[in-house]
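Numbering-wise (the working numbering), the sequence shown opens with residue 73 and increments by one. Right, one structure below, let's go through it.
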Amino acid sequence: MNVILCDDVENLGTIGSRVSVADGYARNYLIPRKLAVIVDSASAKQIDHELRIIRKREELKRAELTAAAAKMSGITVEFQMRAGEGDKLFGSVTTQMIAEKLAEAGYTISRKAIHLEEQIKSLGIFAVPVRFAAGIEAEIKVWVTGLEAEVTTVVDPEMDFVDEDDDDDRNPRTMAG
């Protein structure tokens with residue numbers, strides 16, 4: 073069956089493309105979801121008119137997404153996480169964590185739009201792409217710093233931890249008196 077696509081369909085084509093697909097795929101998937109119209113169903117003028125409307129809507133949507141991407145480019149998001157030897161994190165920075173930090177900053181982004189090539193598992197500054205649509209992308213910086221752990225020593229003045237004679241190796245905590 074020959075159809076004209078009304079929206080971009082992955083692995084099939086883009087808006088306005090004339091493609092030939094199986095009858096069942098067109099009748100059961102593409103047409104009910106308004107992703108395509110049958111070439112023979114209406115006059116060519118009607119199809120062209122619908123495609124012009126769809127293209128205008130897509131252009132407006134792309135313009136909005138481009139403006140949002142430009143606004144978001146250059147943002148730096150900071151995470152303070154516990155790290156061990158060699159600046160390795162206990163855990164990792166996830167796309168969900170990045171999306172939540174962006175939401176706190178006023179940007180509503182799906183975690184699926186944030187693309188990490190590999191998990192962030194160490195301290196440092198990382199460039200992370202955020203994909204709004206095909207060809208529209210913003211790059212944000214993710215800065216991972218270590219938590220400043222304060223070392224505190226608790227000393228109990230009533231406890232005597234000095235073991236002066238080598239014969240008595242009892243635990244001072246269990247001694248009475």
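Note that the Cβ used here is the ideal one computed from N, Cα and C, for glycine as well. Since the structure is predicted, the reported quantities are computational estimates derived from the model, not experimental observations.
| Check | Outcome |
| --- | --- |
| Ile125, buried or exposed, once every other Cβ within 10 Å from all chains shown has been counted against 16 | exposed |
| Which of helix, strand or coil DSSP assigns to Lys193 | strand |
| Assigned exposure category for Phe204 - 16 Cβ within 10 Å defines buried | buried |
| Beta-carbon gap between Val214 and Val149 smaller than 8 Å | yes |
| Same chain, Cβ closer than 6 Å to Ser92, five either side skipped, listed in chain order | Asn74 |
| Continuous beta strand (DSSP E) assignments of at least 3 residues falling wholly in the segment 73-101 | 74-77 and 90-92 |
| Distance between Leu77 and Ser89 (C-alpha atoms, nearest Å) | 6 Å |
| Boundaries of the beta strand (DSSP E) in which Ile110 is found, first to last residue | Ala108 to Ile110 |
| Nearest neighbour of Arg258, chosen from Gln168, Lys193, Met144 and Lys143 [CA to CA] | Limits of the chain in this structure are 73 at one end and 249 at the other, which puts residue 258 out of reach. |
| Close beta carbons around Lys184, own chain, < 8 Å, minus the five adjacent residues each side | Thr167 |
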